[in-house]
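Chains as they are written, first to last, in our numbering: chain A, 1 to 199; chain B, 1001 to 1199. The beta carbon of each residue, even a glycine, is placed where N, CA and C say it ideally should be. See structure below.
Number of protein chains: 2
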Amino acid sequence: MNLLLATRNAHKTAEFAQILGGEFIVSDLRSLPDALEVEETGNTFEENAMRKAVAASRLTKMLVVADDSGLEVEALGGAPGIRSARYAGENATDAENVAKLLAKLDSVSDAPEAKARFYCALAIARHGEAICTVAGEVRGKIIRQARGNNGFGYDPVFVPEGFEETFAALPVETKNAISHRARAIAALRNYLQQLAAKA
Amino acid sequence: MNLLLATRNAHKTAEFAQILGGEFIVSDLRSLPDALEVEETGNTFEENAMRKAVAASRLTKMLVVADDSGLEVEALGGAPGIRSARYAGENATDAENVAKLLAKLDSVSDAPEAKARFYCALAIARHGEAICTVAGEVRGKIIRQARGNNGFGYDPVFVPEGFEETFAALPVETKNAISHRARAIAALRNYLQQLAAKA
């Protein structure tokens, strides 16, 4: 089965290809001449992912998959949520977003740790029409001192459940085995295998 | 195709059967001897719907669909959201929930209207495994004076976009044609037809 990912990020595409396995041929927007401009105006990860998937599916006959993901901190009512990448402003750096997160946490709690999760929604579309979404999460906690140099985003302050180290300090293979995106891709694989079994 | 709805609500089952049409045979939990107890501990409508769908799918070999829905008010940061049915407490009446909503709105704004939407997620599962979710929404506004006697929940204070009357004052057929649940069921029908076309 041929899949188009609505991304230009080669690392992301490689992660999908690796988890989906040999029965799925994965390409991405780098294979298309057209640029894709989609505003992330949805209220949920699912809606933002679906906007991207539907828009990209107008450019190809392939089944299209798009992702949207972020961090939700319980003590902050789920913030930064869908605004994770632009929490400290439209072009905020990872360091600025992390700094804002820790400042917000300081303003609501003295506790050294805060319950949080990373969440990833994947939306599937074809021929300009929404099909459905799948999702994955990894629960853990936010710590106040950044640790580690791997990954990106909030990885340096996120410690997944069952581990002592942050996503940025854990080996990349470990993160990629338990991450919200890995789990969402595994859910996608289940979904696609059901679809393929029906074909 | 046979579908089991994870509900005991005959009205809901009739709405699904009507929108899905003759090619889908819809039954619900009333046809099963076992009671289904599922805690709605998810963070999103999708997660709560999926918990119900997966739990029910352990009781049958059929494809199972479960729903979760609610009202999101922009000025309240998306509240009452997944807590819509229990906004004023675990066993709150519709009137108590509406009263709390209007009081909250009064506390944040003097504007006579507040942007809002109803959202419905449907989750699909089989054999105890999550498959995917679809969703529907209807945008509109909350008004401060309840009007109409149809429907339930927040219907008396919700005016859908393009209409002058609340969901509770509009004819039932009108609400059922444009509601978040109707749109989610239409998305489900698209999904199932794709699935059936593959079979």
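Quiz item: According to DSSP, is A/Tyr119 helix, strand or coil?
Solution: strand
Practice problem: Write down the C-beta distance between B/Gly1148 and B/Ala1116 rounded to the nearest angstrom, noting that I regard them as a contact closer than 8 angstroms. | Solution: At roughly 16 angstroms, the Cβ-Cβ gap does not stay under 8 angstroms, so B/Gly1148 and B/Ala1116 are not in contact.
Quiz item: Looking at C-beta atoms only, is the number of pairs between the stretch 1114 to 1131 of chain B and the stretch 1049 to 1062 of chain B that lie closer than 8 angstroms three or more?
Solution: yes
Exercise. Take A/Ile143 as the anchor and find which of A/Glu129, A/Val98, A/Pro112 and A/Ile82 has the nearest alpha-carbon.
Key: A/Pro112
Self-check item: Short Cβ contact (9 angstroms threshold) for A/Ala146 with A/Val108
Solution: no
Exercise. Using a Cβ cut-off of 9 angstroms (strictly closer), state whether B/Ala1187 contacts chain A.
Key: yes
Quiz item: Using a C-beta to C-beta distance shorter than 7 angstroms, which residues of chain A count as neighbours of B/Gly1078?
Solution: Asn43
Quiz prompt | Coarse secondary structure for B/Ala1199, derived from DSSP in three states | solution = Reliability of the predicted coordinates at B/Ala1199 is poor, the pLDDT of 49 falling under 50, and the value obtained from them is presented with this limitation in mind. Coil at B/Ala1199, not helix or strand.
Quiz prompt | alpha helix (DSSP H) segment containing B/Ser1215, residue limits | solution = With chain B running from 1001 to 1199 in the structure shown, residue 1215 of chain B is simply not present.
Practice problem: For chain B, find out if any of its Cβ atoms is closer than 9 angstroms to the Cβ of A/Glu47; answer yes or no. | Solution: yes
Quiz prompt | Host beta strand (DSSP E) of B/Leu1004 (start-end) | solution = Asn1002 to Leu1005
Quiz item: Taking the alpha-carbon positions, what's the A/Lys12 to B/Ile1185 distance?
Solution: 32 angstroms
Quiz item: Nearest to A/Met50 by alpha carbon, out of A/Ala6, A/Glu164 and A/Leu76?
Solution: A/Ala6
Quiz prompt | Beta-carbon contacts of B/Ser1031 that lie in its chain and below 8 angstroms, excluding the five residues immediately before and after | solution = Leu1004
Quiz item: In the stretch 1054 to 1118 of chain B, which residue ranges form an unbroken beta strand (DSSP E) of at least 3 residues, counting only runs that do not cross its ends?
Solution: 1063 to 1073
Quiz item: Exposed or buried, which one is A/Thr133 when buried takes at least 16 other CB atoms within 10 Å?
Solution: buried
Self-check item: Contact between the stretch 1153 to 1162 of chain B and the stretch 1076 to 1095 of chain B (3+ Cβ pairs under 8 angstroms)
Solution: yes
Exercise. From the DSSP output, in three-state form, read off B/Asp1028 for me.
Key: strand
Self-check item: Helix, strand or coil at A/Thr174 [DSSP, three-state]
Solution: helix
Quiz item: If you measure beta-carbon to beta-carbon, which residues of the stretch 1134 to 1168 of chain B are closer than 9 angstroms to chain A?
Solution: Val1134, Ala1135 and Glu1137
Quiz prompt | Option nearest A/Val65 by Cα separation, candidates A/Asn176, A/Glu137, A/Met1 and A/Ile178 | solution = A/Met1
Quiz item: In chain order, which alpha helix (DSSP H) runs of at least 4 residues are fully inside the stretch 136 to 197 of chain A?
Solution: 172 to 178
Self-check item: Limits of the alpha helix (DSSP H) - the one that A/Leu200 falls within
Solution: Since the first residue shown for chain A is 1 and the last is 199, residue 200 of chain A is missing from the structure and cannot be characterised.
Exercise. Identify the contact partners of B/Gln1194 in chain C, using a Cβ-Cβ distance below 7 angstroms as the criterion.
Key: Annotation note: the requested chain C is absent from the structure, which comprises protein chains A and B.
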